[in-house]
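Quick note on numbering: the sequence shown equals residues 0 to 309 in numbering that gives the first Met the number 0. C-beta: ideal position from N, C-alpha, C; glycine also. Notes to accompany the following structure.
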Amino acid sequence: MTVIYQKVALIGLGLIASSMAHAMRAKGLAGQIVGHAKSAETRAVALEIGLCDHVYATAAEAVAGADLVVLAVPVGAMAAIAAEIGPHLAAGATVTDVGSVKQAVIAAVQPHIPNGVHFIPGHPMAGTEYSGPRAGFATLFDNRWWLLTPAAEVDAQALDRLRQLLQAMGAKVDTMDPAHHDLVLAVVSHTPHLIAYTMVGVADHLAQVSNSEVIQYSATGFRDFTRIAASDPTMWRDVFLTNKDAVLDILGRFAEELFVLQRAIRMGDGDHLFDYFTRTRAIRRGIIEAGQDTSAPDFGRVGASKKTDA
Ligand code: NAP
């Protein structure tokens, strides 16, 4: 493959940035990869395992001369980082981010982007419940969507170049309006995560069911909730604080549906339950047909952690 960016600066060196570093290296897509993370420990690991050619103690130093800057920090940290790097960005550079929420990140970052620098917000819909610089792997983005939410007046060449990089890393790229992105993600990712956190919290509080029973019999569906509920607390706190309106909208609808199902159970309305579950089964089939999961039996599976659509 050919080099697409001469110098890529990764700001934040966790799961997503380290996966990008591995994917770019595996395919020779970057001339040089440099980085910055908050802690000296993460910066040392990034050097030790070869994620970066250089690491810098400040984000401002890391972005100097970079033709691509990737903001891969929690959503709540984006504004301060953007303010720090703004004056140090090279003319003609592209800045992108990988934050799970788009409107809040655009509001936090765009004001700090100087004229002549292209800001193209993005969100890879791939993740795992692990975090940190050792969590990444080169195939994380294979066949996963990477949504870009550029402004209407985005530079077409800059957008094409970024799209080339993401596709070369294995991703499928689509563009979307930021508000629509936040609503879609509230449905497919953010609210399901909140429900998983809640369900695991409920099990934790249930005095009649002992901890050992919860763990021993977890294969019956609960296990998938525990995997999702093990996701990074900082990242998910920031997601809910910054995608508040869309998540509250979907949660309201969820609560209404839940009450209807609760009533059907109370009234013994088997027809309602059967019809409802038949409709939801069709959604699962649609996901398999779209290639977003396999039809292999999954309950009782063994082996490695699965990717999620974070
Ligand atoms: P992560 O593994 O927890 O890594 C976060 C990185 O950001 C760490 O290197 C951390 O440094 C650094 N960081 C945090 N605050 C910082 C600050 N103020 N200045 C400089 N560096 C800072 O996180 P991640 O999973 O890669 O997530 C990164 C972004 O991707 C988030 O915005 C998240 O919403 C988005 N995202 C995540 C997933 C997912 O499933 N994980 C999927 C799609 C998008 P230290 O290690 O030194 O603390």
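Pull up the distance between the alpha-carbon of residue i and that of residue j, whole angstroms please.
i           : j           : result
residue 177 : residue 165 : 19 Å
residue 130 : residue 14  : 5 Å
residue 223 : residue 67  : 36 Å
residue 122 : residue 163 : 15 Å
residue 156 : residue 38  : 35 Å
residue 77  : residue 273 : 46 Å
residue 140 : residue 212 : 36 Å
residue 115 : residue 125 : 30 Å
residue 195 : residue 99  : 17 Å
residue 149 : residue 242 : 18 Å
residue 6   : residue 29  : 6 Å
residue 197 : residue 286 : 25 Å
residue 302 : residue 143 : Because residue 302 sits at a pLDDT of 49, beneath the cut-off of 50, its placement in the model cannot be relied upon, and the following sentence gives the value as read from the coordinates. Their backbone Cα atoms lie some 21 Å apart in a straight line.
residue 3   : residue 26  : 10 Å
residue 299 : residue 1   : Reliability of the predicted coordinates at residue 299 is poor, the pLDDT of 49 falling under 50, and the value obtained from them is presented with this limitation in mind. Each residue's Cα considered, the two are about 42 Å apart.
residue 263 : residue 52  : 60 Å
residue 21  : residue 127 : 16 Å
residue 304 : residue 55  : Its pLDDT being 48, under 50, residue 304 is placed unreliably by the model, and the measurement read from it follows with that caveat. Cα to Cα, residue 304 sits roughly 32 Å from residue 55.
residue 257 : residue 204 : 21 Å
residue 208 : residue 280 : 30 Å
residue 175 : residue 69  : 19 Å
residue 138 : residue 268 : 46 Å
residue 277 : residue 83  : 52 Å
residue 221 : residue 97  : 29 Å
residue 294 : residue 202 : 29 Å
residue 244 : residue 132 : 32 Å
residue 291 : residue 284 : 10 Å
residue 240 : residue 81  : 19 Å
residue 191 : residue 90  : 41 Å
residue 288 : residue 236 : 33 Å
residue 217 : residue 95  : 39 Å
Is residue i near residue j, with beta carbons less than 8 Å apart?
i           : j           : result
residue 10  : residue 71  : yes
residue 41  : residue 12  : yes
residue 59  : residue 87  : yes
residue 93  : residue 161 : yes
residue 180 : residue 158 : no
residue 135 : residue 230 : no
residue 19  : residue 168 : yes
residue 153 : residue 117 : yes
residue 85  : residue 113 : yes
residue 233 : residue 120 : no
residue 8   : residue 79  : no
residue 259 : residue 193 : no
residue 225 : residue 199 : yes
residue 238 : residue 189 : yes
In the DSSP assignment, what residue or residues form a beta bridge with residue i?
i           : result
residue 173 : 146
residue 31  : 6
residue 264 : None, per the DSSP bridge assignment.
residue 70  : 10 and 96
residue 120 : 96
residue 54  : 34
(message) With three or more beta-carbon pairs closer than 8 Å as the criterion, would you say the stretch 21-34 touches the stretch 247-254?
(response) No: fewer than three Cβ pairs fall under 8 Å.
(request) Please confirm if the stretch 43-53 is in contact with the stretch 104-123, defined as three or more CB-CB distances below 8 Å between the two stretches. (result) At 8 Å Cβ cutoff, the stretches do not touch.
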